[in-house]
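To start, the structure itself, in structure tokens.
2 protein chains.
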Amino acid sequence: MMKKQSYKVDILSVAKAAGVSAATVSRVMNHPDLVNPTTLKRVEKAIRKTGYVRNRAAQMIHGRRSATLGLVVPTVNYSIFAELVQSFNDTVVDLGFTLVLATHGYDLTAEYKVLRKLLEHRVDGIALVGLDHSDDTYRLLASQDVPVVAAWSYAKSSRISCIGSDNREAGRVAADHLLALGHRRIGLVFPPTHENDRARGRLEAVELALRDAGIEIPDAWRVRSPYSVAHAKSVCHELLSEQKGITGLICGNDIIAQGALSSAMQLGLRIPQDLSIVGIGDFAGSADMYPALSTVQIPAQQIGMEAGRYLVESIANPDPVEIVRRKMEVVLKPRATTGHADGG
Amino acid sequence: MMKKQSYKVDILSVAKAAGVSAATVSRVMNHPDLVNPTTLKRVEKAIRKTGYVRNRAAQMIHGRRSATLGLVVPTVNYSIFAELVQSFNDTVVDLGFTLVLATHGYDLTAEYKVLRKLLEHRVDGIALVGLDHSDDTYRLLASQDVPVVAAWSYAKSSRISCIGSDNREAGRVAADHLLALGHRRIGLVFPPTHENDRARGRLEAVELALRDAGIEIPDAWRVRSPYSVAHAKSVCHELLSEQKGITGLICGNDIIAQGALSSAMQLGLRIPQDLSIVGIGDFAGSADMYPALSTVQIPAQQIGMEAGRYLVESIANPDPVEIVRRKMEVVLKPRATTGHADGG
DNA sequence: AACAGTATTGCAAACGTTTTCATAAAATTA
DNA sequence: TAATTTTATGAAAACGTTTGCAATACTGTT
Chain A
304 MMKKQSYKVD ILSVAKAAGV SAATVSRVMN HPDLVNPTTL KRVEKAIRKT GYVRNRAAQM
364 IHGRRSATLG LVVPTVNYSI FAELVQSFND TVVDLGFTLV LATHGYDLTA EYKVLRKLLE
424 HRVDGIALVG LDHSDDTYRL LASQDVPVVA AWSYAKSSRI SCIGSDNREA GRVAADHLLA
484 LGHRRIGLVF PPTHENDRAR GRLEAVELAL RDAGIEIPDA WRVRSPYSVA HAKSVCHELL
544 SEQKGITGLI CGNDIIAQGA LSSAMQLGLR IPQDLSIVGI GDFAGSADMY PALSTVQIPA
604 QQIGMEAGRY LVESIANPDP VEIVRRKMEV VLKPRATTGH ADGG
Chain B
304 MMKKQSYKVD ILSVAKAAGV SAATVSRVMN HPDLVNPTTL KRVEKAIRKT GYVRNRAAQM
364 IHGRRSATLG LVVPTVNYSI FAELVQSFND TVVDLGFTLV LATHGYDLTA EYKVLRKLLE
424 HRVDGIALVG LDHSDDTYRL LASQDVPVVA AWSYAKSSRI SCIGSDNREA GRVAADHLLA
484 LGHRRIGLVF PPTHENDRAR GRLEAVELAL RDAGIEIPDA WRVRSPYSVA HAKSVCHELL
544 SEQKGITGLI CGNDIIAQGA LSSAMQLGLR IPQDLSIVGI GDFAGSADMY PALSTVQIPA
604 QQIGMEAGRY LVESIANPDP VEIVRRKMEV VLKPRATTGH ADGG
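Chains as they are written, first to last, in our numbering: chain A, 304 to 647; chain B, 304 to 647.
Laid out in structure tokens, this is it:
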């Protein structure tokens, strides 16, 4: 059976094999109800025998959709966007789409380039992370009429549709949590905020909350770390061994928090008696670490799902392009890495 | 500038805007050296002004490559395949390709379906994980002449090209590590091995190594857990609280090990004095956990890179389809979660 | 038996590009 | 200046599908 077909099997070979026209084969694949059951059987057999796989490109050129969706994330390292990617994927696959994935490594110039590629491939819709994008990117998006959604971030005046959380709120919740536990000597470990609205919003809100609480933080207690466990660990090691007196750490996300936690434990600090650590994100695994990480949950799965659905919906109804903004609530997950400032 | 072009901008609109033929525009995009510098400038301006993005589908239909590569992984959850995906992506993007990602959730029937979709989209090459695939999948792969590589696993008699590690070796190394430390009361936490050659190879090798060492393991010490931290944690909690006397745990991968570690610490066990835990994989973050996870490294990044390169190479030189098998060495990473059996 | 209605199929145009071939214009040579 | 070569461009065919329209073959009704 199924001989090793050398070279292209097109719709015509199938038609010939089945003794029908190309049109009929096409109908078998797209509108089987329109073809005689007997013929259907024969054609299906021919399809199987020849190993025919229909060419999406050719049907796409006919005005058909490509049935692909582009997803642009900064990175796929660690589990930062893992749940987002997985749930977005699952959602859209269920709806008949295929995922084209692109990453840019937190570089918005690179983002523009990959976005262009996605557009060349005529993805039917695009999801990207966050709301910081280059002008070129925004212009490109505006010039094409492809549905777009920014996932992860929410802003009430975003230039494009967005489905995500308010990062300032996430930052505030994290800060309030530590403040409520009586912490006043707080260290901040965040990634560079340039070109990253998530980190910027979180950090700004944290700083604001602390200021409002009348707390002054020495510059030495503010440190930068990219989203890498190893890097965060080394940066925190330095911070915690040199700057005594810090009782709480607010981290830009759970990956950084993980590094912070690791370095603290290595230094023999008791968590949370000697040091409280709070992350942001609630990534897969954060709840099951030991000690379980206190963090601010961003509902990644739900965001991925909603973003996928929104895109598919917009493709189906190319309505007047109205901007949709959906805010996904952030929720504090107080777990084992935070406790009262007095260690009690 | 760049007006919000309603509806399709095709090569003809650009041609008209620039006062040239479609052929010239095409040449500007594909062979700029063939066109007069003055014309080039004019056309490029028209391209910018109209916001033209070339249609890959249309050029693909012309026998051109699609410039996409399919990557099929079981899941993108946690960081199990994160490094693989990221490095594969980075490698092929550098070489001008775009990544089409598919997941199947460890279900080989689902794998067949997503694979078909990838083929419909005419990806120029396909990478998938492991060597367990359905007959349908293998047949489909054989019937199309698209370069294929199985990443992650290595087997000297694989039906398709493979670039990866020998999972039996990984299992043996993990077992030998614990044996060398004097452990004889060893628990096994593995995922279902059905349709998963990685898990199966590892587990078989572990069992063999233990048998060779004259060790008999009670059935109660063999437990199943999918690749999920939460699930592994709960399964291990049960195992460790009911079955006393276990001094070492061999886990199917680092994610399971992470859950095991978490449950052990929660139970107040000292690691590694009371219990040694070894994982397999050395995923991103494993080295920086606390305590740092002892594990068997599978060089994911390198595998991703080599797989990407191999595919691109095969696309460039559609040589006689010779099967390539590259074995990536596994290396023991003894860290803080394993120690002598006597706890000394 | 003639008719209308319906079900099934094929023909051919169309989609947006690339590329071969031909032609025109410009540059070079004798 | 005429002949030749080179450079730049356009016209049209081709790629693998889908689909509107037309044609044919059935079905059932009188």
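For each residue, glycine too, the CB sits at the ideal point set by N, CA and C.
Cut-off 7 Å between Cβ atoms - residues of its own chain near residue i, not counting five sequence neighbours on either side
i, result
"Leu398(B)", "Val615"
"Gly588(B)", "Ser382"
"Glu609(B)", "Ile466 and Arg629"
"Ala516(A)", "Leu482"
"Leu315(B)", "Ala325"
Terminal residues of the beta strand (DSSP E) in which residue i lies
i, result
"Phe493(A)", "Ile489 to Phe493"
"Gly551(A)", "Gly551 to Cys554"
"Ile559(B)", "No beta strand (DSSP E) holds Ile559(B); the alpha helix (DSSP H) holding it covers Asp557 to Gln569."
"Val432(B)", "Gly428 to Val432"
"Lys630(A)", "Arg628 to Lys630"
"Lys636(B)", "Val634 to Lys636"
"Ile583(A)", "Ser579 to Gly584"
"Thr406(B)", "Thr401 to Thr406"
"Gly373(B)", "Thr371 to Val376"
Span of the alpha helix (DSSP H) around residue i
i, result
"Val509(A)", "Asp500 to Asp515"
"Thr353(B)", "Pro340 to Thr353"
"Arg442(B)", "Asp438 to Ser446"
"Lys536(A)", "Val532 to Glu545"
"Gln600(A)", "Run containing Gln600(A): none in the alpha helix (DSSP H); it sits in the beta strand (DSSP E), Ser597 to Gln600."
"Arg357(A)", "Per DSSP, Arg357(A) belongs to no alpha helix (DSSP H) and is neither H nor E."
"Ser390(A)", "Ala385 to Asp397"
"Gly474(A)", "Asn470 to Ala483"
Neighbourhood of residue i by C-beta distance below 6 Å, restricted to the same chain and skipping five residues each side
i, result
"Ile350(B)", "Val317"
"Arg475(A)", "Ala508 and Ala512"
"Leu404(A)", "Leu374"
"Ser324(B)", "Ala318"
"His424(A)", "none"
"Lys376(B)", "First, the residue type needs correcting, since residue 376(B) is Val and not Lys in the sequence shown. So the qualifying residues of the chain are Phe384, Thr406 and Val432."
"Glu498(A)", "Leu411 and Asp435"
"Thr353(A)", "Val312, Ser316, Val317 and Ala320"
"Val599(B)", "Ala473, Val476, Ala477, Ile583, Val633 and Leu635"
Contacts that residue i makes with chain B (C-beta to C-beta distance below 8 Å)
i, result
"Glu423(A)", "Val356, Arg357, Asn358 and Arg359"
"Ser382(A)", "Asn380, Tyr381, Ser382 and Ala385"
"Ala587(A)", "Asn380, Tyr381 and Val532"
Partners in chain A for residue i, counting only beta-carbon separations shorter than 9 Å
i, result
"Ser579(B)", "Simply none; closest approach about 16 Å."
For residue i, the nearest candidate out of the options (CA to CA)
i, options, result
"Ala413(B)", "Leu315(B), Ile466(B), Arg638(B) and Asp439(B)", "Asp439(B)"
"Pro594(B)", "Gln604(B), Ser565(B), Ile583(B) and Leu570(B)", "Ser565(B)"
"Leu422(B)", "Asp435(B), His436(B) and Leu444(B)", "Leu444(B)"
"Arg573(B)", "Gly582(B), Ala639(B) and Phe586(B)", "Ala639(B)"
"Asp266(B)", "Arg419(B), Gly646(B) and Val331(B)", "The shown model of chain B, from 304 to 647, leaves out residue 266(B), and the question about it has no answer."
"Val501(A)", "Asn470(A), Thr598(A) and Ala644(A)", "Just to set this straight, residue 501(A) is Arg in the shown sequence, not Val. If we check each option's Cα against that of Arg501(A), Asn470(A) comes out closest."
"Ile626(B)", "Tyr415(B), Asp336(B) and Lys459(B)", "Lys459(B)"
"Leu484(B)", "Val312(B), Ala430(B), Ala644(B) and Ala321(B)", "Ala644(B)"
"His365(A)", "Lys420(B), Glu347(B), Lys311(B) and Val532(B)", "Lys311(B)"
Close Cβ partners of residue i (< 8 Å) along its chain, the five nearest in sequence each way excluded
i, result
"Met631(A)", "Tyr457, Ile466, Gly467, Ser468, Ile601, Pro602, Gln605, Ile606 and Glu609"
"Leu506(A)", "Gly474, Leu491, Phe493, Thr496 and Gly555"
"Ser528(A)", "Val492, Phe493, Pro494, His534, Ala535, Val538, Cys539, Gly555, Ile559 and Gly562"
"Leu418(B)", "Gly373, Val375, Ala405, Ile429, Leu431, Thr440, Leu443 and Leu444"
Chain A residues whose Cβ lies nearer than 8 Å to that of residue i
i, result
"Thr379(B)", "It should be pointed out that residue 379(B) corresponds to Val in this sequence rather than to Thr. Val379, Ala385, Val388, Gln389 and Asn392, listed in chain order."
"Ser316(B)", "The premise fails here: Ser316(B) is roughly 13 Å from chain A at the closest Cβ pair, so nothing lies under 8 Å."
"Tyr409(B)", "What Tyr409(B) touches in chain A: nothing, since even the nearest Cβ is about 13 Å away."
"Val403(B)", "Thr371, Thr401, Leu402, Val403 and Leu404"
"Arg419(B)", "Val356"
Listed by chain order, chain B residues near residue i by CB distance under 9 Å
i, result
"Ile559(A)", "Result: empty, since nearest Cβ-Cβ is about 11 Å, beyond 9 Å."
Residue i: contacting residues in chain B (beta-carbon distance under 7 Å)
i, result
"Gly607(A)", "Chain B residues near Gly607(A): none, gap ~11 Å exceeds 7 Å."
"Thr440(A)", "By Cβ distance, chain B contributes nothing, its closest Cβ being about 13 Å from Thr440(A), past 7 Å."
"Ile463(A)", "Here the premise fails: no neighbours, minimum Cβ distance about 14 Å."
Any non-hydrogen atom of the ligand ZN within 7 Å of residue i CB
i, result
"Leu443(A)", "With respect to small molecules bound, the structure shown includes none, and the ligand ZN cannot be examined in it."
Beta-carbon neighbours of residue i, restricted to chain A and to distances below 7 Å
i, result
"Met592(B)", "Ser565"
"Met568(B)", "Tyr593"
"His364(B)", "Note that residue 364(B) is Ile in the sequence shown here, rather than His. By Cβ distance, chain A contributes Ala360, Ala361 and Ile364."
Looking at C-beta atoms only, is the number of pairs between the stretch 327-340 of chain A and the stretch 368-375 of chain A that lie closer than 8 Å three or more?
Counting Cβ pairs under 8 Å, fewer than three are found: no touch.
Check whether the stretch 383-395 of chain B touches the stretch 598-606 of chain B, counting contact only when three or more Cβ pairs, one atom from each stretch, lie closer than 8 Å.
The stretch 383-395 of chain B is in contact with the stretch 598-606 of chain B.
Three CB pairs or more closer than 8 Å across the stretch 475-494 of chain B and the stretch 438-458 of chain B
Judged by Cβ distances under 8 Å, the stretch 475-494 of chain B makes no contact with the stretch 438-458 of chain B, as fewer than three pairs qualify.
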